[in-house]
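I have placed the structure first, in the form of structure tokens, so that the comments after it can refer back to it.
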Amino acid sequence: MFRKLRIEAEVVSSPMALSNAKRLILPGIGAFDACMHALDVAGLRESVLEFAATKRPMLGICVGMQMLTAGSEEGTLPGLGLIRAFTKRFPDVDGLRIPHMGWNTIRWSTPDHPLASGLLNDCRFYFVHSFRVICESSANSLAECAYAGDFSAAIVSGNIVGVQFHPEKSHRFGLRLLSNFATA
Amino acid sequence: MNSLRPRVIPCLQVAGGDLLKTRRFKDPVYLGDPINAVKILNDLDCDELIVVDIRATLEKREPDYALIEEFASEAFMPLAYGGGINSIEQVRRILSIGIEKVVISTAAADGKLISAAAAIFGSQSIVVSVDVRKTLLGRHEVWTGSGTRSTGNEPRAYAVQMESCGAGELFVQSIDLEGARTGYDLALMREISSTVKIPVIACGGAGSIDDIRQLLRTSAVSAAAAGTIFVMHGKHRAPLISYPRPNEIASLIDIPEGSIQ
Chain A
1270 MFRKLRIEAE VVSSPMALSN AKRLILPGIG AFDACMHALD VAGLRESVLE FAATKRPMLG
1330 ICVGMQMLTA GSEEGTLPGL GLIRAFTKRF PDVDGLRIPH MGWNTIRWST PDHPLASGLL
1390 NDCRFYFVHS FRVICESSAN SLAECAYAGD FSAAIVSGNI VGVQFHPEKS HRFGLRLLSN
1450 FATA
Chain B
2 MNSLRPRVIP CLQVAGGDLL KTRRFKDPVY LGDPINAVKI LNDLDCDELI VVDIRATLEK
62 REPDYALIEE FASEAFMPLA YGGGINSIEQ VRRILSIGIE KVVISTAAAD GKLISAAAAI
122 FGSQSIVVSV DVRKTLLGRH EVWTGSGTRS TGNEPRAYAV QMESCGAGEL FVQSIDLEGA
182 RTGYDLALMR EISSTVKIPV IACGGAGSID DIRQLLRTSA VSAAAAGTIF VMHGKHRAPL
242 ISYPRPNEIA SLIDIPEGSI Q
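Pasting the structure below:
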């Protein structure tokens, strides 16, 4: 997608490479502890926290968003604690399938945030997840999605943002969001 | 609750790096480069895609990982891959490439691979292909081996068995109607979709957007997949990649006001 957007992107796995980056995307797929463990093993937990402290833009995607929170019901390892929130499983509700999988619409609570540019109307994203983020303060919830009640589809704290959906699988809308992140 | 947007899924057939299209699982016609087809579907805002390697199982070979990797990096939409998958390791490798779901047909039959794969990777990434042929007496039967062998199984019983093993979705194909463009086998799709709770993706027979509308409005299937109408045009079956516009997709079902954008 970044190739299509003509934006230079590189997959990094060392603290050194991270310190040179202008922006950081933290993707995550799989179980929460597996992702946190992988970050710890690569020696990247501290580097990611240092990166976040420099106020450079950072985007967590899916479990990468959940990793920004204090922790998750799915695991026992601590999250990065960059946003005051916790990750919990969807409640069991009759007739509701878990995981929440498929295209869904979102509502931006801060429509003038740069990430939302050009995505206010008629936008939808592709979700696959069984756990969702609950913010301590609604000020950190950047967008909501309705599934078993409202949950945070996007969260924010200063230079740090996270999205629960997969922009890389949400064609036109995902391209726009990644472009917003990379150029804001 | 969940988005009510209808799921409309192009199903691309590939083998040996080519984009192909068969009729009744036979007579493949060469249509071009499958990666180019994916790029066009990106530009058409395609919501979801299924790619099936139609020869991997018959040739008893491994999935074409290089091609799958190209699909994963080029497709800006969720993608399911099927063809030649018969082990947990293959499922692991394909999912780790960045493919959302695997489609398993021949190797699903005894249920063991499906149970094991669902336990490890979650049901949401495991789709079972149920390939159905009509007998001379008009009875539906599940076939396997890319449509070469009858299992004698009755589709509803087989669907229930796969659901209980942990399949997350069923991809139900009517072999007899594949490429026929005469409409879906509505009786079959209604039967299966009313029997299982997991989502059913119907495939085989779509000749127009009206066929898709009829399927979605008169059965409980969750998604309409089609090959020919999205990769060919006109009675001479000229190669042309297409996908319905967003307002066409929205018009496929009766939509309660305000529930969809």
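Protein chains in written order, with the numbering used here: chain A, 1270 to 1453; chain B, 2 to 262.
Glycine included, C-beta positions come from ideal geometry on N, C-alpha and C.
- Between the alpha carbons of A:Leu1389 and A:Glu1413 lies a distance of about 13 Å.
- Assignment of beta-bridge partners to A:Ala1412 by DSSP yields A:Trp1377, A:Ala1423.
- For the C-beta of A:Leu1444, the chain B residues within less than 8 Å are, from N- to C-terminus, Phe77.
- Legend: CB atoms of the segment 113-135 of chain B lying less than 7 Å from CB atoms of chain A belong to residues Gln125.
- Taking a Cβ-Cβ threshold of 7 Å, the residues of chain A close to B:Asn43 are His1440, in chain order.
- Look at B:Cys47 here: in three-state DSSP terms it is coil, with no helix or strand label.
- Straight across, the Cα-Cα distance linking B:Lys27 with B:Gly206 is about 14 Å.
- Ranking B:Phe77, B:Thr149, B:Gln125 by CA distance to the CA of A:His1440 puts B:Phe77 first.
- Neighbours of A:Pro1368 in chain B, taken as residues at a C-beta separation under 7 Å, are given in chain order as Gln125.
- For B:Asp132, the enclosing beta strand (DSSP E) stretches over residues 127-135.
- Rounded to the nearest angstrom, the gap between the Cα atoms of B:Gln174 and A:Phe1394 is 28 Å.
- No Cβ-Cβ contact shorter than 8 Å links B:Ile41 with B:Ala73.
- Taking 8 Å as the CB threshold, A:Trp1372 lines the interface with chain B.
- Cβ neighbours of A:Phe1320 within its own chain (closer than 8 Å, five residues either side excluded): Leu1287, Ser1288, Ala1290, Leu1293, Met1327.
- In the three-state reduction of the DSSP assignment, B:Arg93 falls in the helix class, which pools H, G and I.
- With a cut-off of 8 Å on Cβ pairs, the segment 163-177 of chain B is not in contact with the segment 238-250 of chain B, counting fewer than three such pairs.
- Cβ proximity to chain B below 7 Å picks out Asp1391, Arg1393, Tyr1395, Val1397 from the segment 1381-1403 of chain A.
- By the criterion of a C-beta distance shorter than 6 Å, A:Ala1423 is surrounded in its chain by Leu1411, Ala1412, Val1432, once the five residues flanking it on both sides are discounted.
- From the listed residues B:Arg8, B:Pro7, B:Leu13, B:Ser130, the smallest Cα separation to B:Gly180 is found for B:Leu13.
- Note on geometry: alpha-carbon atoms of B:Ser126 and B:Ser151 lie some 26 Å from one another.
- Against chain B, the CB of A:Met1270 has a partner CB under 8 Å away; the residue lies at that interface.
- For B:Lys22, the secondary structure class from DSSP, reduced to helix, strand or coil, is strand.
- For A:Thr1356, the CB contacts under 6 Å within the same chain, skipping 5 residues up- and downstream, are Gln1335, Thr1338, Ser1341, Phe1400, Val1402 in chain order.
- Only residues of its own chain outside the window of five on either side were considered, and among them Ala81, Gly83, Lys102, Val103, Val104, Ile105, Ala168, Gly169, Glu170, Leu171, Phe172, Ile202 have a CB closer than 8 Å to the CB of B:Val128, listed in chain order.
- Below 8 Å, enough C-beta pairs join the segment 1342-1352 of chain A and the segment 1309-1323 of chain A to call them touching: three or more.
- Contact note: B:Asp46 reaches chain A through His1440, Arg1441, using a C-beta cutoff of 8 Å and chain order.
- A Cβ-Cβ contact shorter than 8 Å links A:Leu1274 with A:Leu1444.
- Under the Cβ distance rule, B:Arg93 does not count among the residues neighbouring chain A, no pair being separated by less than 8 Å.
- Rounded to whole angstroms, A:Asn1428 and A:His1369 show a C-alpha spacing of 28 Å.
- DSSP places A:Leu1346 outside both helix and strand once states are collapsed to three, so it counts as coil.
- For B:His141, the enclosing beta strand (DSSP E) starts and ends at 141-145.
- The three-state reading of DSSP puts B:Thr229 in helix, counting H, G and I together.
- Taking the Cα of A:His1435 as reference, the smallest distance to any Cα among A:Arg1272, A:Gly1329, A:Val1362, A:Ser1283 is reached at A:Gly1329.
- Against chain A, the CB of B:Arg246 has no partner CB under 8 Å away; the residue lies outside that interface.
- By the Cβ test, the segment 114-122 of chain B is not in contact with the segment 143-159 of chain B, since fewer than three Cβ pairs between them sit closer than 8 Å.
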